[in-house]
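Participant: For the record, the sequence lines run as chains A and B. Quick note: the first sequence uses my numbering, first residue 1, plus one each step. Quick note: the second sequence uses my numbering, first residue 356, plus one each step. The beta-carbon is built from N, C-alpha and C at its ideal position, and this holds for glycine as well.
Protein chains: 2
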Amino acid sequence: MIKKRSRQKSTEKKRLDIRDVARHARVSIATVSRTINKVPTVDKELAKRVWKAIEELNYFPNTQARALVSGRSRLFGLLISEITNPFFPELIQGFEDVAIEHNYEILIGSTNYDPQRMEICIRRMIERKVEGVAVMTFGIEEPLLDELVSRNIPMVFVDAAPPSENVSTLVVDYHHGIREGVQHLAALGHRKLGFISGPMHQRSCQLRRSAFLSSAEEIGVHPPDVWMLEGNHTLEGGMKAMELLLQQKELPTAVMCSNDMTAIGALRVLAKAGLRVPEDISVIGFDDIHLAEFVYPPLTTVRMSRNDLARAAFSALRSHIEPVHAHTKKIWPVPTRLTVRQSTGYPRKNARKGR
Amino acid sequence: MIKKRSRQKSTEKKRLDIRDVARHARVSIATVSRTINKVPTVDKELAKRVWKAIEELNYFPNTQARALVSGRSRLFGLLISEITNPFFPELIQGFEDVAIEHNYEILIGSTNYDPQRMEICIRRMIERKVEGVAVMTFGIEEPLLDELVSRNIPMVFVDAAPPSENVSTLVVDYHHGIREGVQHLAALGHRKLGFISGPMHQRSCQLRRSAFLSSAEEIGVHPPDVWMLEGNHTLEGGMKAMELLLQQKELPTAVMCSNDMTAIGALRVLAKAGLRVPEDISVIGFDDIHLAEFVYPPLTTVRMSRNDLARAAFSALRSHIEPVHAHTKKIWPVPTRLTVRQSTGYPRKNARKGR
DNA sequence: CCATATTACTAAACCGATTTATGTTTCGTC
DNA sequence: GACGAAACATAAATCGGTTTAGTAATATGG
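Dropping the structure here:
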């Protein structure tokens, strides 16, 4: 004669339960569960009754209970380096869109380039039992990610990934877009090209730089070292690099930048220095962030769609978990394409003030 | 003679368990649990042994199991209107920082001003059993949020909130900062002031606008209606509004904007029109987003710290859940303060070209 | 008409923790 | 040496679901 379920101290109202629904629909909880999960063997009439009960009670299933028993959290981790960099919110947006489509939830971790913070983010994700992690930091940070690898948690990286069973790589086709940019400049008549790279310890930046160099070579141009600058993919970095470039005796007639923030910083410095874009110097960016369209002059840039990137990352992760849907590719290509706006134009005949 | 626990099909490796830790430390699972949760009655030596076992096995407790039994998900929802608006990432950053400090996780929902999307976000949050939701959309959207209210889920709003037991409000002191801005302009000699507001259906925008008007009145200035424009808090909106303003016969000598993106849009249009800032016209923004420092000229703006906002929101939510720590205030003040940069200066004597 | 297959349920085990009730061991104390 | 307290073990209930095994009802077939 023992009361089985005697929780609720009578004062506190119990939260809505699956068995409340079952009771209300006069079926077993198993039937409710099957109905919710669309198991086909449930009688249509009954199912209708169950759905009606769910509706009437305004019942939402408890995800944690579900996750616990099914072993599937329907959670993905998204590691980014800096949420205040406009590139990443656009990426997050894309990721969120796909996630919603597939009933997933996202845990965002912003590392701020801090290894310690990165470690905290990874720990959070493991504790929440994410089913996969998209590492969009454009770096590998191997030792920190070991915890994930050793737990066999699927991962996606951009450009470069540690070799492991369930790790995929998004391979951005830098060469295509950057080549388009260089050809565009060449077509306008530019032969004197400069480049402001990102932080060279990142593989992605090396790739962009060498894509630029090989494309230049293709048109018979060999940019001197003094026109090959290193930025850090921030506005400030772009400004510093351009200031440095302006100290040169001779200037290039066009400058390509490793990302848009760099290009925008460069534009800023050029404006301040009284140089007109594109009349005095042409500028090309990379990424095509939203802002690129609204700077002055609107930036010609190589588009790498954040949406493409996000969707590819998501698909890659999902393919490790539900291999049914997609052949588990380890390499996911991401295209790039030139977007011509108004920061590029014909070069001036005489390169520079004075000489 | 029934085998109790016989999961694991021998092939698949079992995930690390609390009882693995218990076994390894030669204690009961209850002790492991108590150790992890820092219950004081655990012997120091034993606790050390348990921690060592946890360390050695590299054990991370399963959050969903914990959440399920404890009834606490340690999850907060963060509803924002548009993640690609630079204001929000900075807010998220602040929120993430506090969340990490307190062992909370964030579920971000970007509504994109779409009621349907908003509904989806709310549903996601309820299903994940968030303990509270910060609604930072600067709007109330009452009917959609009913689902949360009726479940007694704590919420925070900015500026205006539906009346309910566990709903708090962040009250931004628009008046202080905006008054500082107006006084700053007055001190420079400006008497002809314009204002570009945000979307007027938002309470926050009404508040900013009326703060401007009352501050203007305070210095004896009454801006005519044609200088009171409505934007929509985006770059595009700022551009449109400024274009409209430029069609006026007479121009104000200074324009205040309801947020920085609007101001930046306005700057863009002014530059294109050949008007110099601040020589021909002064511009003040609101928010002090990171970008404000890097536009040309660097924007004088009223700072509303995203960090303050985020921390206040977090504290407000937490105070509903753990009323021990803080007296449950329903009103949380958020200060504002003028940041003077270079987009403001002395007015010109003769207001305009031609006449 | 009875055996077997199929269908649509229900009952119960289980996920991995917390927490409580009960039992045991080890001390310190008188 | 007996007693009570403290600290731990053991076992079981619980959270809210999923899933498997079992069962009752109906259909099919010989």
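Any Cβ of chain A within less than 7 Å of the Cβ of Gln697 of chain B?
Facilitator: For the purposes of this step, residue 697 of chain B is identified with residue 342 of the second sequence, where counting begins at 1. False, the Cβ-Cβ gap to chain A never drops below 7 Å.
Participant: Apply the 10 Å Cβ neighbour rule to Thr344 of chain A and answer buried if 16 or more other Cβ atoms are within range, or exposed otherwise.
Facilitator: Here residue 344 of chain A corresponds to residue number 344 of the first sequence, with the count starting at 1. By the 10 Å Cβ count, Thr344 of chain A comes out buried.
Participant: Who pairs with Cys560 of chain B in a beta bridge, going by DSSP?
Facilitator: Start at 1 with the first residue of the second sequence, and residue 560 of chain B comes out as number 205. According to DSSP, Cys560 of chain B bridges with nothing at all.
Participant: Give the secondary structure of Ala515 of chain B by DSSP, where H, G and I count as helix, E and B as strand, and everything else as coil.
Facilitator: For the purposes of this step, residue 515 of chain B is taken as the residue at position 160 of the second sequence. Coil at Ala515 of chain B, not helix or strand.
Participant: Would you mind working out which of B:Ala515, B:Ser523, B:Glu496, B:Asp514 sits nearest Asn507 of chain B, comparing C-alpha positions?
Facilitator: Reading the second sequence from its first residue, position 152 is the one you call residue 507 of chain B. Taking only the C-alpha atoms, the option nearest Asn507 of chain B is B:Ser523.
Participant: Just list the residues that DSSP pairs Met510 of chain B with in beta bridges.
Facilitator: Taking the first residue of the second sequence as position 1, residue 510 of chain B is located at position 155. According to DSSP, Met510 of chain B bridges with B:Val488, B:Val522.
Participant: Between Glu460 of chain B and Leu430 of chain B, is the Cβ-Cβ spacing less than 7 Å?
Facilitator: Sequence index remark: in the second sequence, residue 460 of chain B carries index 105 (1-based). Sequence index remark: in the second sequence, residue 430 of chain B carries index 75 (1-based). It is a contact, given that the beta carbons lie within the stated cut-off.
Participant: Cα-Cα, which of A:Gly94, A:Leu46, A:Ser73 is closest to Asn307 of chain A?
Facilitator: Reading the first sequence from its first residue, position 307 is the one you call residue 307 of chain A. Among A:Gly94, A:Leu46, A:Ser73, the Cα nearest to that of Asn307 of chain A is on A:Gly94.
Participant: Out of A:Leu235, A:Val302, A:Lys240, which has the shortest C-alpha to C-alpha gap to Pro86 of chain A?
Facilitator: Taking the first residue of the first sequence as position 1, residue 86 of chain A is located at position 86. Minimum Cα distance to Pro86 of chain A is reached at A:Leu235.
Participant: Answer with yes or no whether the minimum CB distance from Ile18 of chain A to chain B is below 7 Å.
Facilitator: Looking up residue 18 of chain A in the first sequence gives position 18. Cβ-Cβ to chain B under 7 Å: no for Ile18 of chain A.
Participant: If you measure beta-carbon to beta-carbon, which residues of the region 632 to 656 of chain B are closer than 7 Å to chain A?
Facilitator: Taking 7 Å as the Cβ-Cβ cut-off against chain A, the residues of the region 632 to 656 of chain B that qualify are His645, Phe649, Tyr651.
Participant: With contact counted as at least three CB pairs below 8 Å, one residue from each stretch, are the region 588 to 607 of chain B and the region 619 to 634 of chain B in contact?
Facilitator: With a cut-off of 8 Å, the region 619 to 634 of chain B and the region 588 to 607 of chain B count as touching, because enough Cβ pairs lie within range.
Participant: Whole angstroms are fine: how far does the CA of Ala187 of chain A sit from the CA of Asp97 of chain A?
Facilitator: The sequence position of residue 97 of chain A within the first sequence is 97, counting from 1. The sequence position of residue 187 of chain A within the first sequence is 187, counting from 1. Near 39 Å, if we compare the C-alpha coordinates of Ala187 of chain A and Asp97 of chain A.
Participant: So, at 6 Å on beta carbons, what are the nonlocal neighbours of Ile676 of chain B in its own chain, with the 5 sequence-adjacent residues on each side left out?
Facilitator: Within the second sequence, residue 676 of chain B is the residue found at index 321, counting from 1. So the qualifying residues of the chain are Glu486.
Participant: Answer with yes or no whether the minimum CB distance from Pro89 of chain A to chain B is below 7 Å.
Facilitator: Stepping through the first sequence from its first residue, residue 89 of chain A is reached at position 89. Answer yes: the Cβ-Cβ gap between Pro89 of chain A and chain B drops below 7 Å somewhere.
Participant: What do you get for Asn232 of chain A, buried or exposed, if any count of 16 or more other CB atoms within 10 angstroms of its CB means buried?
Facilitator: By one-based count along the first sequence, residue 232 of chain A stands at place 232. The residue is buried, with at least 16 neighbouring Cβ atoms inside 10 Å.
Participant: Excluding the five sequence neighbours on either side, which residues of its own chain have a C-beta within less than 8 Å of the C-beta of Asn467 of chain B, listed in chain order?
Facilitator: Position 112 of the second sequence holds residue 467 of chain B. Taken in chain order, the residues that qualify are Ser436, Glu437.
Participant: Under 7 Å, Cβ to Cβ, is there at least one residue of chain A near Ala454 of chain B?
Facilitator: Here residue 454 of chain B refers to the residue found at position 99 of the second sequence. Chain A contact via Cβ: absent.
Participant: Give every residue of the same chain whose Cβ lies closer than 6 Å to the Cβ of Met1 of chain A, excluding the five residues on either side of it in the sequence, and list them in chain order.
Facilitator: Walking along the first sequence from the start, residue 1 of chain A turns up at place 1. Note that Met1 of chain A scores 31 on pLDDT, short of 50, meaning its location in the model is unreliable and no value can be drawn from it.
Participant: Where do the ends of the alpha helix (DSSP H) carrying Ile384 of chain B lie?
Facilitator: The residue labelled residue 384 of chain B in the question sits at position 29 within the second sequence. Start and end: 384 to 391.
Participant: Taking only beta-carbon positions, decide if Glu482 of chain B is within less than 7 Å of chain A.
Facilitator: Start at 1 with the first residue of the second sequence, and residue 482 of chain B comes out as number 127. Glu482 of chain B counts as touching chain A.
Participant: So who's on the other strand from Cys121 of chain A, going by DSSP bridges?
Facilitator: Taking the first sequence and counting its residues from 1, the one referred to as residue 121 of chain A is at position 121. BP columns for Cys121 of chain A are empty, so no partner.
Participant: Quick one: residues in its chain with C-beta nearer than 6 Å to the C-beta of Tyr59 of chain A, no 5 flanking neighbours on either side, listed in chain order?
Facilitator: On the first sequence, position 59 is the one that residue 59 of chain A refers to. These residues qualify, in order along the chain: Leu16, Val21.
Participant: Is there contact here, the region 528 to 539 of chain B with the region 492 to 508 of chain B, by at least three beta-carbon pairs under 8 Å?
Facilitator: The region 528 to 539 of chain B vs the region 492 to 508 of chain B: no contact.
Participant: Starting from Ala618 of chain B, trace the alpha helix (DSSP H) in both directions and tell me its first and last residue.
Facilitator: One-based indexing of the second sequence puts residue 618 of chain B at position 263. From DSSP, the alpha helix (DSSP H) with Ala618 of chain B extends over 615 to 627.
Participant: So Gly553 of chain B packs on Trp582 of chain B, CB below 8 Å; how close in whole Å?
Facilitator: Counted from its first residue, the second sequence places residue 553 of chain B at position 198. Counted from its first residue, the second sequence places residue 582 of chain B at position 227. Not a contact, Cβ separation roughly 16 Å.
Participant: Determine, using beta-carbon pairs with one atom in the region 23 to 34 of chain A and one in the region 45 to 63 of chain A, whether at least three such pairs fall under 8 Å.
Facilitator: Yes: the two stretches touch, three or more of their Cβ pairs being nearer than 8 Å.
Participant: Just tell me which of A:Ala292, A:Asp287, A:Lys249, A:Gln248 has its CA closest to the CA of Leu267 of chain A.
Facilitator: Stepping through the first sequence from its first residue, residue 267 of chain A is reached at position 267. Of the candidates A:Ala292, A:Asp287, A:Lys249, A:Gln248, the one whose C-alpha sits nearest the C-alpha of Leu267 of chain A is A:Ala292.
Participant: In terms of residues, what are the limits of the alpha helix (DSSP H) holding Arg303 of chain A?
Facilitator: Sequence index remark: in the first sequence, residue 303 of chain A carries index 303 (1-based). No alpha helix (DSSP H) holds Arg303 of chain A; the beta strand (DSSP E) holding it covers 300 to 303.
Participant: Can you list, in chain order, the residues of its chain whose CB lies under 7 Å from that of Phe480 of chain B, leaving out five sequence neighbours each side?
Facilitator: Counted from its first residue, the second sequence places residue 480 of chain B at position 125. According to the sequence shown, residue 480 of chain B is Met rather than Phe. Closer than 7 Å at Cβ, skipping near neighbours: Gly432, Leu462, Gly464, Val488.
Participant: Spatial neighbours of Leu317 of chain A within its chain, please: C-beta separation below 7 Å, excluding the five flanking residues on both sides.
Facilitator: Residue numbering aside, residue 317 of chain A sits at position 317 when the first sequence is read from its first letter. Excluding positions up to five away in sequence, the list reads Phe76, Gly132, Ala134, Pro154, Val156.
Participant: Which residues in the same chain have their Cβ closer than 6 Å to the Cβ of Pro347 of chain A, if we skip the five residues on either side of it in sequence?
Facilitator: Residue numbering aside, residue 347 of chain A sits at position 347 when the first sequence is read from its first letter. Gly189, His190, Thr253, listed in sequence order.
Participant: Taking the C-alpha atoms as reference points, what is the distance between Ala310 of chain A and Met136 of chain A?
Facilitator: Counted from its first residue, the first sequence places residue 310 of chain A at position 310. Counted from its first residue, the first sequence places residue 136 of chain A at position 136. Looking at the two C-alpha atoms, the distance is approximately 9 Å.
Participant: Determine, using beta carbons only, whether Ser428 of chain B and Ala422 of chain B come nearer to each other than 7 Å.
Facilitator: Walking along the second sequence from the start, residue 428 of chain B turns up at place 73. Walking along the second sequence from the start, residue 422 of chain B turns up at place 67. Yes, Cβ-Cβ distance for Ser428 of chain B and Ala422 of chain B is below 7 Å.
Participant: Would Gly494 of chain B be called buried (16 or more neighbouring beta carbons within 10 Å of its own) or exposed?
Facilitator: In the second sequence, residue 494 of chain B corresponds to position 139, counting from 1. Buried, because 16 or more other Cβ atoms sit within 10 Å of the Cβ of Gly494 of chain B.
Participant: What is the rounded straight-line gap between the Cα of Glu573 of chain B and the Cα of Ala515 of chain B?
Facilitator: Position 218 of the second sequence holds residue 573 of chain B. Position 160 of the second sequence holds residue 515 of chain B. Roughly 25 Å between the two C-alpha positions.
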